[in-house]
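**Student:**
There are 2 protein chains.
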Amino acid sequence: MNSNFIHTYVSVDCVVFGFDHENRLNILLVERHLDEKRQIKLPGSLIFSDEDVDDAAQRVLHELTGIKKMILKQFKCFADPMRANNENDIKWMGMEYKHHIDRIITVAYLSLCKIDHKINSTKYSTVDWFPVDEVPSLPFDHNKIINESLVEVRKWIELDFSIIFELLPKKFTIRQLYQLYSALSEKYIDIKNFHKKISSFSYIVPLDEIETNVSHRAARYYKFDAKIYKKNNTKLIK
Amino acid sequence: MNSNFIHTYVSVDCVVFGFDHENRLNILLVERHLDEKRQIKLPGSLIFSDEDVDDAAQRVLHELTGIKKMILKQFKCFADPMRANNENDIKWMGMEYKHHIDRIITVAYLSLCKIDHKINSTKYSTVDWFPVDEVPSLPFDHNKIINESLVEVRKWIELDFSIIFELLPKKFTIRQLYQLYSALSEKYIDIKNFHKKISSFSYIVPLDEIETNVSHRAARYYKFDAKIYKKNNTKLIK
DNA sequence: GCAAAAGTGTTGCTTTTACACCCATGA
DNA sequence: TCATGGGTGTAAAAGCAACACTTTTGC
């Protein structure tokens with residue numbers, strides 16, 4: 001064996017996005033414990049010997065939230081040879097996996113979650129939402145992964161507009177959708193024109209319900225109809 | 001150590017696209033030798049102990065073509081636990097890497113090459129172009145990788161139109177660009193309107209040269225100006 | 001009534017699409 | 001002269017952007 005070739009550990013890490021009531025993108029982070037110190041990180045795991053990476057990511061998401069089938073998308077393999085060379089990270093991996101780990105490459109996933117959904121982790125004692133621009137310094141290359149995930153989630157929504165509804169409540173106003181879309185697309189869109197366009201789509205179904213207790217004209221609630229969307233699968237928003 | 005976690009080998013595999021004179025997408029495949037038999041496969045390699053996957057892919061591309069800096073894009077990690085369980089594949093890996101390899105995951109890359117560029121492989125004795133719909137059955141999950149790469153290369157060009165010029169000669173006619181674009185986009189585009197639109201772009205620069213020996217009005221050659229493209233980076237073709 | 005946001009309508013501009021028409025060249 | 005494709009023009013249709021106007025609600 002040419003010893004230059006490497007046998008390595010492989011993990012998956014998941015960046016789960018949520019959209020909060022202050023119109024900010026948030027990410028789910030968990031706590032790791034090291035020498036009495038607590039530190040937050042992305043949820044992740046080594047893969048099992050008989051497990052595909054997609055299955056490992058699905059497992060991590062389930063252990064994280066208690067939700068059975070979350071939408072997910074692999075977006076990049078991070079394999080910098082130095083990505084797990086920090087002393088604390090090596091120490092933590094030794095504790096977590098009861099073994100000295102020389103090198104670890106990770107496959108990063110995106111996922112989306114309604115921020116009001118109850119989080120019922122079977123693995124982590126502490127799971128919290130963090131607004132993306134308030135994420136502190138994280139172990140490994142997790143900050144890098146998050147930065148790149150932001151670019152990817154935008155591309156994902158450009159490619160398949162329907163996944164945006166994973167971030168909204170089942171019933172939502174067009175203003176909510178507008179604010180989410182604006183947070184993701186970065187370019188200014190006129191809300192009136194947005195309203196007209198969105199409400200013209202057949203898969204955006206108006207409900208009989210309207211907002212209450214607002215100090216202005218109440219907005220109508222809408223729901224997303226995935227079946228109609230799939231039938232027409234047009235390009236929607238350019 | 002929880003022995004369910006796995007230590008595995010990691011490789012990169014590269015799908016290099018070319019566009020031939022019959023308007024077909026082609027892929028570069030290499031030969032592997034096993035028991036006097038020859039079989040073709042995607043070019044690839046295990047990664048070195050101090051090597052990032054992007055660097056490994058760059059190395060594979062260089063060993064494959066002799067070209068220094070080829071454009072490349074990571075597109076997916078393939079990690080099905082059964083992807084290297086075929087007897088012949090296990091045998092071949094034993095010969096190639098002088099070691100029994102229990103499991104191998106691979107990170108797949110896209111690359112683009114002008115099909116007339118001279119191929120000067122320092123590693124493979126046989127390197128050939130195959131039209132995508134004439135690719136035979138390949139080892140591992142290489143057919144699957146190629147199928148998914150086709151979807152990805154289309155997305156890539158939608159996202160960054162400028163990389164399409166990696167597949168064309170330095171000077172090209174608008175018909176050539178049209179045929180390549182048509183082969184990639186699958187939906188019908190009117191060639192006259194395409195011509196008008198393309199020739200209106202400032203980064204498509206007309207040359208003084210025109211075709212010779214054609215039995216119709218000779219078409220003008222154009223070149224792509226990357227500097228002008230970068231300055232204006234508009235969305236070009238929707 | 002006022003402020004604020006919902007929701008609709010109008011208008012002009014840009015882009016797309018479908019063709020018509022003339023040009024250049026080899027056979 | 002004919003076939004083939006190059007290249008330009010035009011006009012209708014569709015889509016987009018800017019913004020005016022009316023509606024609804026709480027204070």
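Chains H and V supply the protein sequences, listed in that same order. So the first sequence is numbered by full-length UniProt numbering: it starts at 1 and just counts up by one. So the second sequence is numbered by full-length UniProt numbering: it starts at 1 and just counts up by one. We put the beta carbon where it would ideally sit given N, CA and C, even for glycine. The structure displayed is predicted, hence computed values, not measured ones.
Any beta-carbon of chain H closer than 8 Å to the one on Glu186(V)?
**Tutor:** Closer than 8 Å: no.
**Student:** Closest Cβ-Cβ distance between Asn2(H) and chain V: below 8 Å?
**Tutor:** Confidence at Asn2(H) is low in this model, with a pLDDT of 49, below 50, so the placement of that residue should be treated as unreliable; the coordinate-derived value is given next. Yes, contact with chain V.
**Student:** Kindly indicate if chain H contains any beta-carbon less than 8 Å away from that of Gln176(V).
**Tutor:** No, Gln176(V) lies away from the interface with chain H (no Cβ there is under 8 Å from its Cβ).
**Student:** Beta-carbon within less than 7 Å of Gly44(H)'s beta-carbon, same chain only, minus the 5 sequence neighbours each way: which residues are those?
**Tutor:** These residues qualify, in order along the chain: Ser11, Val12, Asp13, Cys14, Val60, Thr106.
**Student:** Considering only residues of the stretch 122-202 of chain V, which uninterrupted beta strand (DSSP E) runs meet the minimum length of 3 residues and lie entirely inside it, listed in chain order?
**Tutor:** Within the stretch 122-202 of chain V, the complete beta strand (DSSP E) runs of at least 3 residues are 127-131.
**Student:** How would you label Lys91(H), buried or exposed, when you count the other beta carbons within 10 angstroms and need 16 or more for buried?
**Tutor:** It counts as exposed.
**Student:** Closer than 8 Å by beta-carbon distance: list the chain H residues that pair up with Asp89(V), in chain order.
**Tutor:** Correct list: empty, because the minimum Cβ distance to chain H is about 17 Å.
**Student:** Starting from Val53(V), follow its DSSP beta bridges and name the residues at the other end.
**Tutor:** Per DSSP, none; premise fails for Val53(V).
**Student:** Please list, in chain order, all residues of the same chain as Ala218(V) whose beta carbon is under 6 Å from its beta carbon, the five residues on each side excluded.
**Tutor:** Only Ile210, Glu211 meet the Cβ criterion.
**Student:** Can you give the Cα-Cα distance for Trp129(V) and His117(V), rounded to whole angstroms?
**Tutor:** Taking the straight line joining both Cα atoms gives about 12 Å.
**Student:** Could you tell me the distance, in whole angstroms, from the CA atom of Pro222(V) to the CA atom of Gln179(V)?
**Tutor:** Per the sequence presented here, residue 222(V) reads as Tyr, with Pro not at that position. In a straight line, the C-alpha of Tyr222(V) is about 15 Å away from that of Gln179(V).
**Student:** The stretch 8-20 of chain H: which residues have C-beta closer than 7 Å to a C-beta of chain V, in chain order?
**Tutor:** The residues in question are Thr8, Tyr9, Val10.
**Student:** Evaluate the contact criterion for the stretch 80-97 of chain V versus the stretch 153-162 of chain V: three or more CB pairs, one atom per stretch, below 8 Å.
**Tutor:** Contact fails: fewer than three Cβ-Cβ distances are below 8 Å.
**Student:** Quick check on Met82(V): buried or exposed, where buried means 16 or more other Cβ atoms within 10 Å of its Cβ?
**Tutor:** With fewer than 16 other Cβ atoms within 10 Å, it is exposed.
**Student:** Cβ closer than 8 Å: which chain V residues qualify as neighbours of Ser49(H)?
**Tutor:** Neighbours of Ser49(H) on chain V, chain order: Ser3, Asn4, Phe5, Ile6, Pro81, Arg103.
**Student:** Compare the C-alpha of Arg24(V) against each of Leu138(V), Ser200(V), Ile115(V) and name the closest.
**Tutor:** The residue with the shortest Cα to Cα distance from Arg24(V) is Ile115(V).
**Student:** Does any residue of chain V have a CB that is nearer than 8 Å to the CB of Tyr97(H)?
**Tutor:** It does; some Cβ of chain V falls within 8 Å.
**Student:** Within this structure, are the beta carbons of Leu110(H) and Ser149(H) separated by less than 8 Å?
**Tutor:** Result yes, Cβ atoms of Leu110(H) and Ser149(H) sit closer than 8 Å.
**Student:** Residues in the UniProt domain "NrtR DNA-binding winged helix" (164-224) of chain H with C-beta within 9 Å of chain V's C-beta atoms, listed in sequence order?
**Tutor:** Listed in sequence order: no entries.
**Student:** So, does the CB of Ile146(H) fall closer than 8 Å to a CB anywhere in chain V?
**Tutor:** Cβ-Cβ to chain V under 8 Å: no for Ile146(H).
**Student:** Any idea if Thr122(V) is buried or exposed, counting beta-carbon neighbours within 10 angstroms, 16 or more meaning buried?
**Tutor:** Exposed, since its Cβ has fewer than 16 Cβ neighbours within 10 Å.
**Student:** Got a sec: is the Cβ-Cβ distance from Lys76(V) to anything in chain H below 8 Å?
**Tutor:** Yes, contact with chain H.
**Student:** Between the C-alpha atoms of Lys197(H) and Phe224(H), what's the straight-line distance to the nearest angstrom?
**Tutor:** In a straight line, the C-alpha of Lys197(H) is about 14 Å away from that of Phe224(H).
**Student:** Quick one: which chain H residues come within Cβ less than 8 Å of Asp52(V)?
**Tutor:** Going along chain H in sequence order, the residues near Asp52(V) (Cβ under 8 Å) are Ala79, Asp80, Pro81.
**Student:** Using a Cβ-Cβ distance under 8 Å, would Val60(H) count as near chain V?
**Tutor:** Answer no: the Cβ-Cβ gap between Val60(H) and chain V never drops below 8 Å.
**Student:** With 16 other CB atoms within 10 Å as the buried threshold, where does Ile145(V) fall?
**Tutor:** When all chains shown are included, Ile145(V) counts as buried.
**Student:** Assuming Asn143(H) contacts Val151(H) (C-beta within less than 8 Å), just tell me the rounded distance between them.
**Tutor:** With 8 Å as the limit, Asn143(H) and Val151(H) do not qualify as a contact, their Cβ atoms being about 14 Å apart.
**Student:** Taking 8 Å as the threshold (beta carbon to beta carbon), is residue 322(H) in contact with chain V?
**Tutor:** Limits of chain H in this structure are 1 at one end and 238 at the other, which puts residue 322(H) out of reach.
**Student:** Please name the residue in Leu42(V), Pro131(V), Thr65(V), Thr173(V) whose C-alpha comes closest to that of Ala108(V).
**Tutor:** Residue Leu42(V) is the option with its Cα nearest to Ala108(V).
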